[in-house]
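Quick notes on the structure that follows.
Residue numbers (the working numbering), protein chains in the order written: chain S, 1 to 331; chain L, 332 to 662.
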């Protein structure tokens, strides 16, 4: 339906890359909905151009320019600037219903069925599961709701300093009112669940429809080896999102990078994709492995020596200080 | 109501201590319900006696002796022995409704209102929030349900190897069917939530009614200084459950330990409560702090020296190996 849209937000070029991959993943799974990207004024011209070729609508938002209400609210709570920006999605009133998705999410199958849900539908947050995670949610654009949200935000602030705190405060009955507003966790499968309850991930993770790269290391912070099709550098993340992170990079490197290259032309830009010579790469890893092996042993040797020394010295020191303090107390 | 009961399970003396504290905490908050403890045959005589003085009913359960169905199931799935033991609570058919609580939970206020809920009501698990945590749940004892559970258990096993996997499989529509069966998270506040989403804990944790000491370190694994009323040894756990762990120990040391002492008489037993001389304790901490300070600096100095040396040597080694491997390839 033309009056329904997926909406995302990118405040800088890095998040814009995420938004591009998200948009591509929605298109690849044949969504029938419109795609909208809200972007901050900091997003560069080439990135804006790529976003415009993937999304139906790219709208620059800057809460300071978005009308008196937001401006006034902003003056009172400058700490909540980014939060205000996300709430801006409620102003998209030319759509009757929308699904907001964070730029660090990736769609693994068609999820148009989310539009059957009502505002505010979202999946539980694994940190405090009576809160919903605001990375994926169904909402109805409305100037009235937008105004109330800004007012709530100004009056109560955000318990976590971000939009999730504000939205959970405003839609405070989510945990108790209506089960249909609880999106299954597979629509917002966040990385944290993989390592906190691995058996459940193994049982249900295969049905994942949306993966959310929560945490400090974002997919675009990693490096991808175009030859071996492997994410390099972030081994930890790569093992915790075994295939999801690779899925992200394959989509990004094959579809988004060529578009960025075209836009940047001769200007250099950081794609994050490297072409490591395969033989050289193998040689290098052997070298690194050998070095690692030798250095580990040398290091262990030094550590064990220094620990032995420390243990002896600390016992002496302890006895000395004890004697001293006892004599002080006795005198 | 006489036909409603809180039920817990203790398979050994350590968990029995937990059950005693849980029972005491329920009594202290004036529950009007009966208290039932299911215990394994390994629980010692003195512990059984203390449990009998706190609980209305103490029942020794051993799945191998619990009838043909369980016996046969057990033969096929010996790995699920402990799980079968917990499922045993469904055989308490002289009660119309029960609330099961793990022995590592602590009640912080009267929670008799849980009996207004229906089977199977439980709070979400923070690991995979579409699963419920089986540490606290409302159920209706029924021989029929018990049989079906054993059958399910034998046929499908448990995706996590424990009762939580079985129960989530059997009551598989919990996440989607009925919001009234979602107990608020404050009825099963598990430790993990405190460090994964601290702002939410700060916002909502004050309303906690039941705390669940999930994880490897149980309250009874720590040591308590009776003089300073401080949990010693497990600093990490003490900071993550700031007051909860202390609450547990104050209740245990003041009410449970005297009962255990009476039962054990002259026989020695490990209470976990120590009486550290206060002055000595203060002196010792000062000594420890001083030592720690000096040793940290010495250690840092050695580490920085050895790292510098390692860095130089590793560069040399790397160059040397690279030269060697290049010459091998060229030759």
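Yeah, the Cβ is synthetic: ideal placement off N, Cα and C, and Gly gets one too.
Count the other CB atoms within 10 Å of the CB of residue 643(L); is the residue buried (16 or more) or exposed (fewer)? exposed
Do you know offhand how far residue 286(L)'s Cα is from residue 632(L)'s? Residue numbering for chain L in the displayed model covers 332 to 662; residue 286(L) lies beyond these limits and cannot be assessed.
Can you tell which of 418(L), 349(L), 406(L) has the C-alpha that lies nearest to the C-alpha of residue 386(L)? 349(L)
Report yes or no: is there a C-beta of chain S within less than 9 Å of the C-beta of residue 670(L)? Because chain L in this structure spans residues 332 to 662, residue 670(L) falls outside the shown range and cannot be described.
Using a Cβ-Cβ cut-off of less than 8 Å, give me the residues of the segment 147-166 of chain S that come near chain L, in sequence order. 159, 160, 161, 165
Classify residue 222(S) as helix, strand or coil using the three-state DSSP reduction. coil
Own chain residues within Cβ distance below 7 Å of residue 474(L), not counting five before or after: 422, 424
Ordered along the chain, which non-local residues of its own chain (more than five positions away) have a Cβ less than 7 Å from that of residue 111(S)? 187, 209, 210
Tell me residue 388(L)'s beta-bridge partners as DSSP assigns them. 367(L)
Could you check where the alpha helix (DSSP H) with residue 273(L) kicks off and where it finishes? As shown, chain L starts at 332 and ends at 662. That puts residue 273(L) outside it, with no answer to give.
Using a C-beta to C-beta distance shorter than 8 Å, which residues of chain L count as neighbours of residue 176(S)? 510, 513, 515
Anything in the segment 194-215 of chain S with a Cβ closer than 8 Å to a Cβ of chain L? List those residues in chain order, please. 196, 197, 199, 200, 201, 202, 203, 204
Residue 521(L) in three-state terms, based on DSSP: strand
Which residues in the same chain have their Cβ closer than 6 Å to the Cβ of residue 244(S), if we skip the five residues on either side of it in sequence? 211
Can you name the residues that DSSP bridges to residue 10(S)? 39(S)
For residue 637(L), return the contacting residues in chain S, with the cut-off set at a CB-CB distance below 7 Å. 302
Three CB pairs or more closer than 8 Å across the segment 246-263 of chain S and the segment 45-53 of chain S: yes
Suppose contacts are defined by Cβ-Cβ distances below 9 Å. Is residue 21(S) in contact with residue 273(S) by that definition? no
For residue 367(L), does the count of other Cβ atoms within 10 angstroms reach 16, so buried, or fall short, so exposed? buried
Taking DSSP as the reference, what is the three-state secondary structure of residue 182(S)? strand
Whose C-beta lies closer than 7 Å to the C-beta of residue 29(S) among residues of the same chain, with five residues either side of it excluded? 107, 109, 110
Does DSSP classify residue 407(L) as helix, strand or coil? helix
Taking 8 Å as the cut-off, does the CB of residue 583(L) come closer than this to any heavy atom belonging to the ligand ADP? Absent from the structure shown: the ligand ADP. Ligands present: none.
Which term fits residue 354(L), buried or exposed, when burial requires 16 or more other beta carbons within 10 angstroms of its beta carbon? buried
Quick check on residue 441(L): does DSSP put it in helix, strand or coil? coil
So residue 462(L) contacts chain S; which residues on that side make the cut at Cβ distance below 7 Å? 200
Is DSSP giving residue 254(S) helix, strand or coil here? helix
Specify, as a first and last residue, the run of the alpha helix (DSSP H) that residue 30(S) falls within. From DSSP, residue 30(S) is part of no alpha helix (DSSP H); its letter is neither H nor E.
Can you confirm whether residue 625(L), when its beta carbon is compared against all beta carbons of chain S, has any partner nearer than 9 Å? yes
Residue environment, residue 128(S), which counts as buried when at least 16 other CB atoms sit within 10 Å: buried
Quick check on residue 513(L): buried or exposed, where buried means 16 or more other Cβ atoms within 10 Å of its Cβ? buried
Do you know offhand how far residue 4(S)'s Cα is from residue 33(S)'s? 6 Å
Tell me residue 432(L)'s beta-bridge partners as DSSP assigns them. 467(L)
Report back the beta-carbon spacing between residue 383(L) and residue 391(L) to the nearest angstrom; my notes put them in contact at under 8 Å. At roughly 11 Å, the Cβ-Cβ gap does not stay under 8 Å, so residue 383(L) and residue 391(L) are not in contact.
Taking one C-beta from the segment 448-466 of chain L and one from the segment 497-509 of chain L each time, how about it: are there three or more such pairs within less than 8 Å? yes
Quick check on residue 122(S): does DSSP put it in helix, strand or coil? strand
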